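Structure, as structure tokens:
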Amino acid sequence: MRGDGDGWVISDSGAAYWGRHGAAGLLLRAPHADGAAAVLLQHRAPWSHQGGTWGLPGGARDSHETPEEAAVREAYEEAGLATERLVVRAAVVTAEISGSSGTRWTYTTVIADAFEQLATVPNMESAELRWVPEDDVDALPLHPGFAASWARVRAVAATIPLLQAEL
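With our numbering, the residue at position 164 of the sequence shown is 168, and numbering never jumps.
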């Protein structure tokens, strides 16, 4: 679905960043079999920007959206996630870029939890969606932006207790 945020912002260095109003991605955590956290990762379709790498479901923010709203919407669009089963816990600005003509672009990683590893339905932007134990994330070929922010985002997430289903 196209929104008013679809489009590129060009930084002063000439690098292109997707999302006229910035972008956001969803770091969705759920309990793994061993009780630790697993996160939902998206293997980006080969044709997409940075295709073949692993990252978060996410994309451009529309002008009327908060980063949290954009991340949850994108997770629904790209992974078929039932938004009513997600609990947003925190948001972390993981990139800030100055664009031509003073445009400012940000990427926000939204940390959310689910009580269980939810079923996913990939759209055409996803070669695969996979629940990955947090300790195994670094072993995958990560999207450069996600790779640069993973340690920081993981540290923030570690300060937030993972939601567990009541027995």
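Where is the CB? At the ideal position from N, CA and C, for every residue including glycine. None of the values given here were measured: they were computed from a predicted structure.
For Ser153, the secondary structure class from DSSP, reduced to helix, strand or coil, is helix.
Taking C-beta separations shorter than 6 Å and ignoring five residues to either side along the sequence, the partners of Thr113 in its chain run Gly29, Leu31, Val96, Thr98, Val157, following chain order. Checking the DSSP bridge columns, you'll see Gly26 partnered with Arg24. For Leu90, the closest alpha carbon among the candidates Glu73, Gly26, Asp117, Tyr80 is that of Asp117. In this structure Leu45 touches Val136 by the C-beta definition: roughly 5 Å separates them, less than 8 Å. Per DSSP, the continuous beta strand (DSSP E) segment holding Val43 begins and ends at 41 to 48. With respect to the 8 Å criterion, Pro126 and Ala83 are classified as neighbours on the basis of their beta carbons.
The continuous beta strand (DSSP E) containing Pro137 extends over residues 130 to 137. For Pro61, the secondary structure class from DSSP, reduced to helix, strand or coil, is coil. If you draw a straight line from the Cα of Arg6 to the Cα of Glu81, it is about 11 Å long.
Take Tyr21, set aside five residues on each side of it, and the residues of its chain with a beta-carbon closer than 6 Å to its own are Val13, Ile101, Trp109, in chain order.
Straight-line spacing of the CA atoms in Ser153 and Leu60 works out to 11 Å. Excluding sequence positions up to five before and after Leu144, its CB lies within less than 6 Å of the CB of Trp58, all in the same chain and listed in chain order. Asp38 and Ala162 have their C-alpha atoms roughly 16 Å apart.
For Ala74, there is no enclosing beta strand (DSSP E); the enclosing alpha helix (DSSP H) has its first and last residue at 71 to 83. When secondary structure is reduced to three states using DSSP, Thr87 falls in the helix class.
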